[in-house]
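2 protein chains.
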Amino acid sequence: MENRAEFRRRIRGVQDYLSEKNIGALTVSSEKNLAYLFGVGTGRAVVTEDSCVLWVREVYLGVYASLFERAPYSVRVYRPQAVERYVRRLAPARMAFEDLPCMQLKVLKRKFGVGRVVVVDVVERLRMVKSPYEVSMLRASASIAKVGLRRAHEVVAEGVRELDAVAEIEAAIRRAGSETPPFEGGMILAGGAHGADIHARPSTRKIGRGLVVVDLGARFAGYHSDLSRTLSVGALTRAERVVLEAVASIRDESVDRLCVGVKASEVAAYAEKRIEGLGYHFHHALGHGVGLDIHEKPSLSPQSKDVLTEGMVFTIEPGIYVPGRFGVRFEDTIHLTARGPKNLTESP
Amino acid sequence: MENRAEFRRRIRGVQDYLSEKNIGALTVSSEKNLAYLFGVGTGRAVVTEDSCVLWVREVYLGVYASLFERAPYSVRVYRPQAVERYVRRLAPARMAFEDLPCMQLKVLKRKFGVGRVVVVDVVERLRMVKSPYEVSMLRASASIAKVGLRRAHEVVAEGVRELDAVAEIEAAIRRAGSETPPFEGGMILAGGAHGADIHARPSTRKIGRGLVVVDLGARFAGYHSDLSRTLSVGALTRAERVVLEAVASIRDESVDRLCVGVKASEVAAYAEKRIEGLGYHFHHALGHGVGLDIHEKPSLSPQSKDVLTEGMVFTIEPGIYVPGRFGVRFEDTIHLTARGPKNLTESP
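Chains as they are written, first to last, in my numbering: chain A, 1 to 348; chain B, 1001 to 1348.
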């Protein structure tokens, strides 16, 4: 668990932003932002330049007693109208919200009686740069994912049903300590033509000769990991071999281009150009931040405005998908340091 | 897979709504609403009173070729600006959106050049009432969940690590054909005092004597299932036994109150009153719709405005949580028919 100083630093980051932007108060209610600022993924909080209050249901006072005892913020029991009354008393000239669904924002605006509102992503932006504590959790999460990858190498074989292989791999990931199965909807394991469907779900079909896209991860202390490999089953065709080697190489070349200060869009455009040079389209972004969410900021796409900075952790995942035939993706989770990229999911 | 008539009926439902509300066009981009209307959880669609167009990335034309061949809507290849140009040409006086995050809505409004916009939940409301096809998929999904429950009865025992039990149960659910692990973050298996934490994650701690909350489900053909049981390990204390029996009984009494035309809030208020009569608070809603999303409309809470109608499928899940000691929850997925409730997750 993060220590008191870490939570204080994060909350201070929000408060500095509010002060700089002249925003009276920010309300936080999304699970991951609450977890980041307070260590509890439930409740509702109001942060101002010089105060920070978290409301949680009574049942959580006991569950999180040891955390709340040393928390650098106030904890109150959630009662109907408690947050509304608090904000109405503050009466901020300008109030900030997370990027909520419109209807929810409309209701809150009315309940809080606030006029000028702004939608901000300050917490998501703070979350982009990981502390040493966070990197160690991400590394632990990545080592669980690697246990899953090793199991995948053992169980992926011709004639095995995709879901039987997945059952074994996901069970290995859980036994190794993952708090959740990979990602939100489980791992991807897609053989042959199904590898060309980016949204493929494992099914009861049997793995055949050819390429199998395996995309998996883990969650440890709230932090995710994400890696993909494309495994070969039996002899490959020439086309399969050429694409397999090309994508692995584009992954390496993209990682080599990572350094502090480079634009995410530049690295993404490089990979896109390489893939197009081979006669294919690149159907998704080159990468995404990884942390409390499996997909978070920064975005590594040709349209991204993010600049890569020290402490960011994100994926690099080029892929080529040949409809009706096969797909290839290689993906690693990278920690960007002052001395360059460190691969958290490098194969053993 | 749904047949052409089923998709046509769903799209017609949206078109009738647009016509009735005098809305020129609706844009659909959320995964589950796309899946419901078009059978493809990706892309962007624009529906008007008398037209329906879906844009998907080129790579999906091949993946979904057989679906698109007989689709009762037009399919076009997604190109930058294609949807924007289409909407600008339509120039609807009033345009409807799903309940998107505010920033996204703001960007779309500008891109489409539309003035008057409304946020609607018409697709989510259509999704509340399940067709016979959908009920059969929900039933198949529930029978996979029951395989998981049977495995839970086999593996939950004193001294077993929670994550080892979870690995076995989730693997059984995958082998039985579930497209995803249970829910979005995996199943819940929480023993003793951890059972009192509604958000508990299984961990490496060992199961001890007492109560163990097991909450699991499956996904089949896109449709979810959801059930909870509270298992006993060794001898129970008197307090544990009393609460266990009470919650099971409140589940049964709540199900008995279900009939076409009853208000969801009434049933929820009944359960809440029963729990409060025992000296506890009820910390969550009594139930939620189950379908393409694990949590969808209707809501069974005392604040709900939903009326239960024929064809709805939802959970009934009373729980009592005693901080620092134990938790108890029983949950079934119910299909409401003209002749009353049918329990899809009844234990064998």
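Yeah, the Cβ is synthetic: ideal placement off N, Cα and C, and Gly gets one too.
| query | Along chain B, which residues have their Cβ under 9 Å away from the Cβ of residue 103 (chain A)? | reply | 1099, 1119 and 1121
| query | Relative to the C-alpha of residue 42 (chain A), which residue among A:159, A:59 and A:296 is closest? | reply | A:59
| query | Which value, in whole angstroms, describes the spacing of the CA atoms of residue 153 (chain A) and residue 1245 (chain B)? | reply | 47 Å
| query | Is it true that the region 297-314 of chain A meets the region 260-271 of chain A, where meeting means three or more beta-carbon pairs spaced less than 8 Å apart? | reply | yes
| In the DSSP assignment, what are the bridge partners of residue 52 (chain A)? | A:47
| Closest residue to residue 1248 (chain B) among B:1220, B:1222 and B:1331 (Cα-Cα distance) | B:1331
| Interface positions of the region 297-323 of chain A facing chain B (Cβ-Cβ less than 8 Å), listed along the chain | 321 and 323
| field | Pair within 8 Å by beta-carbon distance, residue 344 (chain A) and residue 310 (chain A) | value | no
| query | At what residue ranges does the region 227-308 of chain A contain a whole run of the alpha helix (DSSP H), taking only runs of 4 or more? | reply | 238-256 and 264-277
| From what residue to what residue does the beta strand (DSSP E) around residue 1340 (chain B) run? | 1340-1343
| Which of the residues in the region 48-59 of chain A, read from start to end, lie with their CB under 8 Å from any CB of chain B? | 57, 58 and 59
| said: Checking 8 Å against the spacing of the C-beta atoms, do residue 38 (chain A) and residue 73 (chain A) come in under that value? | reply: yes
| request: Counting only the same chain and skipping the five closest in sequence on each side, list residues whose C-beta sits under 6 Å from that of residue 286 (chain A). | output: 268, 271 and 300
| message | Once the 5 residues before and after residue 1297 (chain B) are set aside, which same chain residues still bring their CB inside 6 Å of it? | response | 1124, 1128 and 1289
| task | Give me the Cα-Cα distance between residue 279 (chain A) and residue 273 (chain A), rounded to the nearest whole angstrom. | result | 10 Å
| Simplified DSSP state of residue 331 (chain A), which is helix, strand or coil | strand
| field | Integer-rounded CB distance, given that residue 1202 (chain B) should sit under 8 Å from residue 1162 (chain B) | value | 4 Å
| Same chain, Cβ closer than 7 Å to residue 217 (chain A), five either side skipped, listed in chain order | 145, 182, 183, 224, 225, 226, 227 and 294
| Relative to the C-alpha of residue 1197 (chain B), which residue among B:1172, B:1071, B:1169 and B:1327 is closest? | B:1327
| Three-state secondary structure (DSSP) of residue 199 (chain A) | coil
| message | What ranges does the beta strand (DSSP E) occupy inside the region 55-133 of chain A, keeping only unbroken runs of at least 3 residues that lie completely in it? | response | 74-77, 94-97 and 116-119
| Does the distance from the CB of residue 1212 (chain B) to the CB of residue 1230 (chain B) come in under 8 Å? | yes
| request: Please list, in chain order, all residues of the same chain as residue 70 (chain A) whose beta carbon is under 7 Å from its beta carbon, the five residues on each side excluded. | output: 4
| query | Looking at the C-beta of residue 1043 (chain B), does it have a partner C-beta in chain A at a distance below 8 Å? | reply | no
| query | Would you say residue 1171 (chain B) faces chain A, with C-beta separation under 8 Å as the test? | reply | yes
| field | For residue 1235 (chain B), the nearest candidate out of B:1243, B:1209, B:1220 and B:1258 (CA to CA) | value | B:1209
| Closer than 8 Å, CB to CB, is residue 163 (chain A) near chain B or not? | yes
| field | Residues, ordered as in the chain, of the region 186-210 of chain A that lie near chain B by beta-carbon distance below 8 Å | value | 186, 196, 197, 198, 199, 201, 202, 203 and 204
| message | Here's the rule: buried if 16 or more other CB atoms are within 10 angstroms of the residue's CB, otherwise exposed. What is residue 1092 (chain B)? | response | buried
| task | State yes or no: is the beta carbon of residue 1092 (chain B) nearer than 8 Å to at least one beta carbon in chain A? | result | no
| request: Would you decide whether residue 170 (chain A) is buried or exposed? Buried here means 16 or more other CB atoms lie within 10 Å of its CB. | output: buried
| message | DSSP three-state label for residue 1174 (chain B), please. | response | helix
| field | Within chain A, partners of residue 1168 (chain B) - CB distance below 8 Å | value | 171
| The alpha helix (DSSP H) spanning residue 1007 (chain B) covers which residue range? | 1004-1021
| Assigned secondary structure, residue 1166 (chain B) (DSSP; H/G/I helix, E/B strand, else coil) | helix
| said: For a quick check, are the C-beta atoms of residue 1056 (chain B) and residue 1078 (chain B) less than 8 Å apart? | reply: yes
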